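Residue numbers (the numbering used here): -6 to 773.
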């Protein structure tokens, strides 16, 4: 042994079981930090992929670029892809409208169009078509489609391939024919095209764009950017990546604080258990500085053991998250490699592992250095804690064991602050992050029970006249009997002049609901009630929160069948239709009242929900019952994409919440275990003077409960304030949902913390009770 510091290695080897708690604290801290930054990285990748899918993966678009300048742009070393895109006049095929577009394959790929079957058009008379049109018109690859262009006249195109499905086309019952750039030029040779450019990774896009403008004389009006994509890349006006990393940094600070508390408490207990050892070191000539250095070296060695464990487990958490994402959202994440790690997360994990140990070792090292040589001689040395004054336990109406437990919790300012702070931060973050879950649920409409898979609409739905092509009411019964249909429901729409008892007059956009839809509306009720009997008899109606109406106001409709009045019975946070008036707004009535006012029995819209095992050709079966003036909108792909988006968001939101839960649970258990174990001598003396095991148990539980109650009270108060602030900014401002105190959530959180707190003292209490009094008193 060359140095007294070599004792650290020997001690850690011999007492490896004792150090497991400290190693676990450090490893968990590192694991959580790696997971936090890793999930932030995945979040940025998800946002990037989603934006590329929604808006394309190009960076800038140039209008009216000269042909001579194209080669100049393409020859730049910082350009990855570039290509032209052109949209020409619309066309019709068998009465159905078609968009006609064309472009270079490089440009179409950057805009999200891929050939799923066949080949890309090579000549002017070749075309790609969407699969929905291929099936609807019984076409195939190799067949010819005769398009009737609005201006040019009839044009024949050979179908050479099928491009990937777009939810925007399917949900609007639309179709598009895609040609080569030569094909569009043959239709409109004078029409200019758009030139899309994608730069290589690492390029300063703003700088490169200015260079292109300066070199080719391109004006600012000719340039537009893919703003959303550039934003998430950190090259736009704002930086989504910075916001994501800011969230991760806040959690990083939380983990750092909680870890310091856990490790400090563990080190403190370690020091308190070895007062005699440090006293002997002082007797042998060790200075205070050398004792401090010894304790710091202990912490450093333990961190070297714990950090690799934390890095590995944190990386495994990231891998699990990626597997979940690939499973839930294959369209976005199927190409994402499972085996990857976050470089920032690894660095942050190492930093937090070392930093927490350094910070956590300072206080115990200072305490250890204060041990006097006399402690080693007497064998009864102890380290004093700061207490609140020198008052004795006050006698109250409570049992003495409960009073002493509460006194112990309040006696040490430092312990009280650390314990209460850990509870407070956890509760505040729980309540804060829960708002993001509320936002996700409201933002993704297909998750609502009323979301339709297929809608059948009148082509003249926007007309305010009652004399329009409607969906016959007997069609609803036929649809309900179709194989694969779970349920179908209709709505009638019309705009009617109306006046309100408060003096307002204007148009009311009247929508009919039946009992099923009234049941769904209860989820968005913010005032009043939904009385189906009063609604069906025409006594009451529902309005949206933006109407400015109150429950009890009377609305009089100037309907085709005469004036009819009804009372506002309930107010909804939102009604999923566009209002036509800012005075009266949207009004929901029963089908019977709608028919009474207008005489209309047929529907404007029929929404259909399908079973999970619905046959593939269900849309073709439904189309057979439709006239040419009705359109079928298939929203299943859009719903699926939106649901996958929600589940992806949920992985991050719930993932961060789970991290907070782990911090709370482990910190509570560890802190209470340390608090009880550090008072081993004290409890031994209490047993020696006649305190029963039951009283000792009550004392410890009272102490732990005091910590928890104080933390829950402060944490709940601050958490509710944060919850309201975030809720009003994210949910109320976008979805008009009124904030309410999350009483149920607070109760669950408080009950969970109290249960965890009580459970956390069982093990140390059992250990103390199993020791004899002499051993407890002499415990070092």
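Every residue, glycine too, gets a C-beta built ideally from N, C-alpha and C.
Small disclaimer: the values here were computed from a predicted structure and weren't measured.
The closest CA to that of residue 135, considering only 122, 144, 129 and 142, is found on 122. As the crow flies, the alpha-carbon of residue 477 is around 19 angstroms from that of residue 163.
Residue environment: residue 79 is assigned as buried (16 or more neighbouring CB atoms within 10 Å of its CB, all protein chains considered). A contact between stretches requires three or more CB pairs, one per stretch, nearer than 8 angstroms, and the stretch 716 to 724 fails this requirement with the stretch 620 to 640. At the C-beta level, residue 484 and residue 655 stay beyond 7 angstroms of one another.
The Cβ atoms of residue 646 and residue 346 do not sit closer than 7 angstroms to each other. The stretch 520 to 600 is shown to contain whole beta strand (DSSP E) runs of 3 or more residues at 533 to 537, 547 to 552, 555 to 565 and 578 to 583, in chain order.
The stretch 487 to 514 is shown to contain whole alpha helix (DSSP H) runs of 4 or more residues at 508 to 514, in chain order. Here the alpha carbons of residue 415 and residue 348 stand approximately 18 angstroms from one another.
Assignment of residue 123 by DSSP, reduced to helix, strand and coil, places it in the strand class. Excluding sequence positions up to five before and after residue 57, its CB lies within less than 7 angstroms of the CB of 185 and 215, all in the same chain and listed in chain order.
For residue 93, the enclosing beta strand (DSSP E) has its first and last residue at 89 to 96. Residue 186 carries a coil assignment under DSSP once its states are collapsed to helix, strand and coil.
Put simply, of 742, 760 and 755 the residue whose alpha carbon is nearest the alpha carbon of residue 418 is 742. Taking 7 angstroms as the cut-off, the beta carbon of residue 640 is found no closer than this to the beta carbon of residue 581.
In this structure, DSSP gives residue 722 a helical state, which the three-state scheme calls helix.
Annotation: residue 605 is outside any beta strand (DSSP E) and is labelled neither H nor E by DSSP. For residue 148, there is no enclosing alpha helix (DSSP H); the enclosing beta strand (DSSP E) covers residues 146 to 156. Per DSSP, reduced to three states, the secondary structure at residue 54 is strand. Annotation for residue 80: the continuous beta strand (DSSP E) segment containing it runs 72 to 80. For the 7 angstroms CB-CB criterion, residue 577 and residue 501 form a contact. For residue -2, there is no enclosing beta strand (DSSP E), as DSSP marks it with neither H nor E. By the neighbour-count criterion, in which a residue is buried when 16 or more other Cβ atoms sit within 10 angstroms of its Cβ, residue 131 is exposed. Between the C-alpha atoms of residue 564 and residue 517 there is a straight-line separation of about 8 angstroms. In this structure, DSSP gives residue 108 an extended state, which the three-state scheme calls strand.
Residue 13 counts as exposed, since fewer than 16 other beta carbons sit within 10 angstroms of its beta carbon. In terms of CA proximity to residue 395, 689 leads the group 712, 67, 689 and 427. Apart from the 5 residues on each side of it in sequence, residue 362 sits with its Cβ closer than 6 angstroms to the Cβ of 281, 284 and 285 in its chain, given in chain order.
Taking one beta carbon from each stretch, the stretch 534 to 542 and the stretch 587 to 604 have fewer than 3 pairs nearer than 8 angstroms; the two do not touch. Annotated three-state conformation of residue 708 is helix, per DSSP. Shown here, residue 354 sits in a helix according to DSSP, grouped into three states.
Here the alpha carbons of residue 595 and residue 465 stand approximately 5 angstroms from one another.
Look at residue 69 here: in three-state DSSP terms it is coil, with no helix or strand label. Taken through DSSP and simplified to helix, strand or coil, residue 41 comes out as helix.
Take the alpha-carbon of residue 683 and the one of residue 270: they are about 31 angstroms apart. Nearest C-alpha to residue 503 among 550, 472, 127 and 197: 550.
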